[in-house]
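**Q** Sharing a structure below in structure tokens format, with a few things to ask.
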Amino acid sequence: MTERQEIDEKQRRVRMPAAQRREQLITVGRQLFAERGFDATTVEEVAARAKVSKPVVYEHFGGKEGLYAVVIDREVRALLDRITAALTAGHPREQLEQAALALLDYIDEEPHGFQVLVRNSPVLSASGNFSSVMNDVAHQVEHILGAEFKSRGLDPRFAELYSQALVGMVALVGQWWREARKPKKEMVAAHLVNLAWNGLSHLEPKPGLQTRRGR
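Here the UniProt record's numbering is used: position 163 in the sequence shown is 163, and no number is missing along the way.
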């Protein structure tokens, strides 16, 4: 190794402040978990990409599981905060539009984070994945729909069912759009709301299955 290479190597190994090193490792872990998944990612890979020794990773997170838990927790909160903010004001239709856009914005702007959430999670993080986030969102939507149902003379007991259906529809389309990338996200959100809202605005008080009537 030449003198110049030795100097460069020493510069790369300059000790970062603990908080800065932790953030670097979280960023590296997020990228690797998105690219390879939890099982295929190793502490060795995290350390190599961050240009640190393995003990540094263990020092900050106790191992791969600890790093993964931090990454997942951050993504869950980031996505939930975006969608929750969209459900706090305005007409219910506007809330639906903004919530759909919030999810699509997250997918568009945070591809690594979204990929981490939708990958299969290990047992230790069963409560920290995309499904759990969408379930939390559905509970918030349930309260909005419950009030809307009451104002229209509909049975609010079914608000939970409808909230799961709505959020599930948006989530599934969002995952499809992640790969398709067309039409534009604003158009995707508009069509989602067109189906959801126009359906909600013409609900039957006591729906039944036409194919089962008279049996």
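Glycine included, each C-beta is placed from N, C-alpha and C at the ideal position.
(1) In the DSSP assignment, find the unbroken alpha helix (DSSP H) run with R82 in it and report its ends.
(2) When you compare each of F149, L209, L79 and R212 to G174 by their alpha carbons, which one comes out closest?
(3) For E23 and L145, I'd like the C-alpha separation in whole angstroms.
(4) Spatial neighbours of A100 within its chain, please: C-beta separation below 7 Å, excluding the five flanking residues on both sides.
(5) What's the C-alpha gap between R212 and D155?
(6) Identify, in the order they occur along the chain, each residue of the same chain with its Cβ nearer than 8 Å to the Cβ of D105, setting aside the five sequence neighbours on each side.
(7) Using the rule of at least 16 other Cβ atoms within 10 Å of the residue's Cβ for burial, across every protein chain shown, is M134 buried or exposed?
(8) Please check the pair G29 and Y58, which I expect to be a contact at CB under 8 Å, by giving their CB distance rounded to whole angstroms.
(9) If we count the other Cβ atoms within 10 Å of its Cβ and call it buried at 16 or more, is A86 buried or exposed?
(10) Whole-angstrom Cβ separation of F149 and A159, contact assumed at under 8 Å?
(11) Between which two residues does the alpha helix (DSSP H) holding M169 run?
**A** The answer reads as follows:
(1) For the purposes of this step, residue 82 is taken as the residue at position 82 of the sequence shown. Residues K64 to A86.
(2) Reading the sequence shown from its first residue, position 174 is the one you call residue 174. The residue with the shortest Cα to Cα distance from G174 is L79.
(3) Residue mapping note: residue 23 aligns to position 23 of the sequence shown, counting from 1. Residue mapping note: residue 145 aligns to position 145 of the sequence shown, counting from 1. Taking the straight line joining both Cα atoms gives about 39 Å.
(4) Residue mapping note: residue 100 aligns to position 100 of the sequence shown, counting from 1. Excluding five sequence positions before and after A100, the CB atoms of its chain that fall closer than 7 Å to its own CB belong to V170, A189, L192 and V193, given in chain order.
(5) By one-based count along the sequence shown, residue 212 stands at place 212. By one-based count along the sequence shown, residue 155 stands at place 155. Cα to Cα, R212 sits roughly 22 Å from D155.
(6) The residue given as residue 105 occupies position 105 in the sequence shown. Scanning its chain for C-beta atoms nearer than 8 Å, with the 5 sequence neighbours on each side dropped, one finds around D105 the residues R82 and K185, in chain order.
(7) To locate residue 134, count along the sequence shown from 1; it is residue 134. Flag for M134 reads buried.
(8) Working through the sequence shown from its first residue, we reach residue 29 at position 29. Working through the sequence shown from its first residue, we reach residue 58 at position 58. Contact between G29 and Y58 is absent: CB atoms are separated by about 13 Å, not below the 8 Å threshold.
(9) Translated into the one-based positions of the sequence shown, residue 86 becomes position 86. The residue is buried, with at least 16 neighbouring Cβ atoms inside 10 Å.
(10) For the purposes of this step, residue 149 is taken as the residue at position 149 of the sequence shown. For the purposes of this step, residue 159 is taken as the residue at position 159 of the sequence shown. The beta carbons of F149 and A159 sit about 6 Å from each other, so the pair counts as a contact at 8 Å.
(11) Within the sequence shown, the letter at position 169 stands for residue 169. Element bounds for M169: A159 to A180.
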